[in-house]
Structure formats: C-alpha cells, structure tokens
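Worksheet: the structure to be examined is printed underneath.
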Amino acid sequence: MMNLAVSDHILAKPGPRDAALADYDCVRRAIAFISQKWKAQPTVEAIADAAGLTPDELHHLFRRWAGLTPKAFMQALTLDHAKSLLRDSASVLDAALESGLSGPGRLHDLFVTHEAMSPGEWKSGGAGLTLRYGFHPSPFGTGVVIASDRGLAGLAFADPGGEQAAFVDLQQRWPRATCLPDQEFTAPFAERVFDPAQWRAEQPLRVVLIGTDFEVRVWQTLLKIPMGKALCYSDIADRIASPKASRAVGAAIGKNPISFVVPCHRALGKSGALTGYHWGLTRKQAMIGWEAGRLGAGEPAGSIA
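Right, here's the structure in full:
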C-alpha cells in the first residue's frame, strides 16, 4: 500500500468552494450539540454558543449551507422526522421500479447510471486496475474521490487531519489496484456530485460498483431511495429477496465505497433511529439535514427561530 502524506499542496486549489470546509466545521459542532440536546429543543442561542458563533452567524450559516433555519435543521434531525422518511418509502420505490428506473437512467437525485465490475475483478483485489484519487472540499468535510476511466469508484469523507486515514480506508477496498494522485482527473467528479445545478438527466454520473454480488445488490437498492426518503435494513433485505439477512445488509451498507452518491445515509433503523455510519454519525445527520434543505423544507427566509 502506498504511503500517502496528505499536505496542503495536494488539496484542491483555494477557491469559493473552500468555504464549504469552514462551514462544515461549524455545522459539525452544532450538530454534535443538537444530537445531545434535541429532546429539550435547545434555543438558537444555546446552539450558537456550542458552535462558537453568534445567533445571527448561526442563522446565516445554516441558510447558506443547507437552506434551512437552525430550528428547521434541528427538526430534520429528530426521530419523528426520520420516521416520516420511512413512512411512504415503500410505495415510492415500487413506483420507481414499475416505471423502469431500476436500469440506466434516473436512479436518484444525482441521475446516476451504474455498472458492476466483474466478479473476477473483485476477487483479484483490483489487480490491473488503475485508479486516480484526489482531495476536494465538500459540504461534509474533505471529500476523498477515487475514479477510473469507467466512472466514480470511491467517495469518502474526512475531518481535518483525517485525510490520510480516510484514503487508506478507501484504498484498502482494492489492495492490488494502482492508485495515482490526480486532482485534475477527480475534480470534475467532485463538482458533479456536490453541485445540485449539475444534477441533470442528460449528463448522468457513471459509478462503478466494486464488491460481492450480495453487496452490489444492496448498493443498487440504496441507489433507488429518493432524496427525502429512507429504508430500514429489513426492508432492504426484503427487496433483495433475503428477508433474514438484515445483519448482512447492515454490513454491506457499512462497506459502501461510494458514500453519499450511493446513499447509505438513507438507511435507518426500524424505529427511525439514525444508527451508525462509516464516516461518522454526525456526518450522516448533516447529509439528512442538507438534503432536507435541498427539498425546500424549513421556514421562511426571514425567520431566525
């Protein structure tokens, strides 16, 4: 395995998108506080204090980052909201399947089309495969992007100082592949994933799924979950005709190499509990809240409550 020393010069060049990293650092602190105190519905002042911001700064941060007021964002992290995501997901997914969306086309919000690598490629650990990687700002911390000529193959996330560990964790999925640093090659993938303006059906994002047959079937099911919806592990097991495999489904979700794009953050516990997430529960909560903002949830722009 290569020894990657992550340093400033291999990160994406400074620009407007770097503000996303600073935003997420503050959001992360706010979410950690909300996660502990949400049952008491803490005030905006208390959340702002925990995030090291003034109430006005907190308000503008959440409006800029997620399109939500702090109060609406907190509501998006509650158990009741999670349950509402689960409530009608089955009918939504059935409709998607009936309309042919299980094949190439709009599988979910990013307009993803996918292919699975052959069993031989997976068993060989990626031998003979050339992957290129880069580090890019994202709404959820530094994004570790891995791609090949066939499409996006990996996406992980890291907090400051954790870039090396995140890359190693992701690269271990293909231990015999050749990994080359190439910011220029991976930059368009990062831009395509994190800029909703580029989520267009005429320009589908191609992803390459590398895993066992069972894992790929789980990931394909995740791809069918629309933004603003969720499935519990047992429902996913039912959909891949393995109703007793909830635990194995959970393990496959934990191994998902293309976070966010293959939306494992939309897999919840039976009760609606947000459960674990390979890149941190706080980041999973951030993704759900960010998506709520993309769907226009929340209160009028003038509200700070």
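Residue numbers are given in UniProt numbering: position 281 of the sequence shown equals residue 281, and the series is strictly consecutive. All residues carry an ideal CB built from backbone N, CA and C; glycine is no exception.
- Message: Pairs of beta-carbons, one from the stretch 261–279 and one from the stretch 224–240, closer than 8 Å: are there three or more?
- Response: yes
- Query: Of all the options 133, 190 and 186, which has the alpha carbon lying nearest to the alpha carbon of residue 174?
  - Reply: The residue with the shortest Cα to Cα distance from residue 174 is 133.
- Item | Test item: CB-CB of residue 63 and residue 54 under 8 Å | Against a cut-off of 8 Å, the Cβ pair of residue 54 and residue 63 comes out as no contact.
- Message: Quick check on residue 217: does DSSP put it in helix, strand or coil?
- Response: helix
- What is the DSSP secondary structure of residue 81, reduced to helix, strand or coil? helix
- residue 188 burial status per 10 Å Cβ neighbour count (16 or more: buried): exposed
- Message: According to DSSP, is residue 24 part of a helix, a strand, or is it coil?
- Response: helix
- Evaluate residue 171 with the Cβ neighbour count: other Cβ atoms within 10 Å of its Cβ, from every protein chain shown; 16 or more gives buried, anything less gives exposed. buried
- Determine the DSSP secondary structure at residue 289, reduced to helix, strand or coil. The three-state secondary structure of residue 289, taken from DSSP, is helix.
- Query: What separation, rounded to the nearest whole angstrom, lies between the Cα atoms of residue 147 and residue 288?
  - Reply: Between residue 147 and residue 288, the C-alpha separation is close to 25 Å.
- Query: With burial defined as no fewer than 16 other Cβ atoms inside 10 Å of the residue's Cβ, what is the status of residue 259: buried or exposed?
  - Reply: buried
- Item | Assumed close pair residue 293, residue 67 - CB separation to whole angstroms, cut-off 8 Å | 3 Å
- Query: When DSSP labels each residue in this structure, what does residue 184 get in the three-state scheme?
  - Reply: Helix at residue 184.
- Residue burial classification, residue 89 (beta-carbon count within 10 angstroms, cutoff 16): buried
- Where do the N-terminal and C-terminal ends of the beta strand (DSSP E) with residue 157 fall, by residue? 151–158
- Output the boundary residues of the alpha helix (DSSP H) element that contains residue 254. Counting along the chain, the alpha helix (DSSP H) containing residue 254 begins and ends at 246–254.
- Message: Pairs of beta-carbons, one from the stretch 157–165 and one from the stretch 209–219, closer than 8 Å: are there three or more?
- Response: No: fewer than three Cβ pairs fall under 8 Å.
- Task: Please look up how many angstroms separate the CB atoms of residue 155 and residue 145, rounded, as I've assumed it's under 8 Å.
- Result: 6 Å
- With a Cβ-Cβ cutoff of 8 Å, do residue 137 and residue 20 count as a contact? yes
- Query: residue 26: which of 51, 38 and 44 sits nearest, CA to CA?
  - Reply: 51
- Query: Rounded to the nearest angstrom, how far is the Cβ of residue 282 from that of residue 35, given a contact under 8 Å?
  - Reply: The Cβ separation is near 7 Å, so the contact holds.
- Between which two residues does the alpha helix (DSSP H) carrying residue 61 extend? 55–65
- So what does DSSP say about residue 385, is it helix, strand or coil? As displayed, the chain neither begins before 1 nor continues past 305, which places residue 385 out of reach and without an answer.
- According to DSSP, which residues form a beta bridge with residue 263? In the DSSP output, where bridge partners are listed per residue, residue 263 has none listed.
- Message: Rounded to whole angstroms, what is the Cα-Cα separation between residue 126 and residue 176?
- Response: When only Cα atoms are considered, residue 126 and residue 176 end up about 5 Å apart.
- For residue 271, which of helix, strand or coil comes out of DSSP? coil
- N-terminal and C-terminal residue of the beta strand (DSSP E) that residue 143 is part of: Residue 143 -> beta strand (DSSP E) spans 142–148.
- Query: So, using beta-carbon positions, are residue 71 and residue 112 closer together than 8 Å?
  - Reply: No, Cβ-Cβ distance for residue 71 and residue 112 is not below 8 Å.
- Name, in chain order, the residues that DSSP records as bridge partners for residue 115. 208
- Item | Alpha-carbon spacing of residue 274 relative to residue 79, whole angstroms | 8 Å
- Query: Since residue 170 is in the alpha helix (DSSP H), which residue starts that stretch and which ends it?
  - Reply: 163–171
- Item | Burial state of residue 128 (16 or more Cβ within 10 Å) | With fewer than 16 other Cβ atoms within 10 Å, it is exposed.
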